[in-house]
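What follows is one structure encoded as structure tokens, with my remarks underneath.
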Amino acid sequence: MNQDQAAVFDDIVAKGGRLGGPYEAYIRIPRFMRLNQQMGDYLRSTSLTPRLRLLAALLVIRHWGARFAWATNAKEAIGAGLGQQIVDAINHKVRPVMENATDQLVCDLLTELLDKKKIGDEVYWQAAGALGETVLTDLVVTVGFYGMVCATLVSFDIDPPANAEQCLIT
Numbered sequence: 258m259n260q261d262q263a264a265v266f267d268d269i270v271a272k273g274g275r276l277g278g279p280y281e282a283y284i285r286i287p288r289f290m291r292l293n294q295q296m297g298d299y300l301r302s303t304s305l306t307p308r309l310r311l312l313a314a315l316l317v318i319r320h321w322g323a324r325f326a327w328a329t330n331a332k333e334a335i336g337a338g339l340g341q342q343i344v345d346a347i348n349h350k351v352r353p354v355m356e357n358a359t360d361q362l363v364c365d366l367l368t369e370l371l372d373k374k375k376i377g378d379e380v381y382w383q384a385a386g387a388l389g390e391t392v393l394t395d396l397v398v399t400v401g402f403y404g405m406v407c408a409t410l411v412s413f414d415i416d417p418p419a420n421a422e423q424c425l426i427t
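In structure tokens form, the structure reads like this:
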């Protein structure tokens, strides 16, 4: 690492920030590494519950096929209450059937966004009415953030830990 990279790395370690995975690539651009840490901090404190944030993350990760992100986020999603059956359905590219209507709405909304690269008017207004504009916007921002992370992971071929409990089906 050069001096700027080492300074950012040391600062993140001192603050208990996240390292590894996509950060192996991001550290090459110290300014971006700092900004990315701030974006990650924001996403963990938005209007989204951890359950909805992780549902969004898994849908994006599956879409991109980012194995490292799956290994780290699928386990966290189960801990947040999504359940192994839902995680497995997403992993197998099957529409999960959820008991919680909000979870199902979010799943359908984000699947449409990822598959069609847009949200149709009917789904948009249904989601805006049920979730509110802030939650809807936080969901879309979360999709964008995880899309960036996944693009980095697959571009730099960053593998999951060898002992990963949750593995993405390829």
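Per my numbering, the very first residue in the sequence shown carries number 258; after that it's consecutive.
Even glycine gets a Cβ: it sits at the ideal position worked out from N, Cα and C.
query	result
Residue interval of the alpha helix (DSSP H) (run including E379)	D378 to L388
Close beta carbons around T368, own chain, < 8 Å, minus the five adjacent residues each side	L316 and R352
Reduced DSSP category for S200 - H, G, I as helix; E, B as strand; rest coil	Residue 200 lies beyond the residue range present for the chain, which begins at 258 and ends at 427; the question has no answer from this structure.
Nearest-angstrom Cα separation, counted from D261 out to V311	It should be noted that the sequence gives Leu, not Val, for residue 311. C-alpha separation (whole angstroms): 32 Å.
K374 - DSSP class collapsed to helix/strand/coil	coil
Contact under 8 Å by Cβ, L425 with N348	yes
Simplified DSSP state of P417, which is helix, strand or coil	coil
Whole-angstrom C-beta distance between T391 and S304, which should lie under 8 Å	5 Å
Enclosing alpha helix (DSSP H) for H349 [first to last residue]	H349 -> no alpha helix (DSSP H), and no H or E assigned at all.
Given L309 as reference, the closest of A337, Y299, D298 and Q295 once Cα atoms are compared	A337
Backbone CA spacing between N293 and W382 [nearest angstrom]	31 Å
The segment 313–328 touching the segment 398–406, judged by at least three CB pairs closer than 8 Å	yes
Backbone CA spacing between I376 and N259 [nearest angstrom]	43 Å
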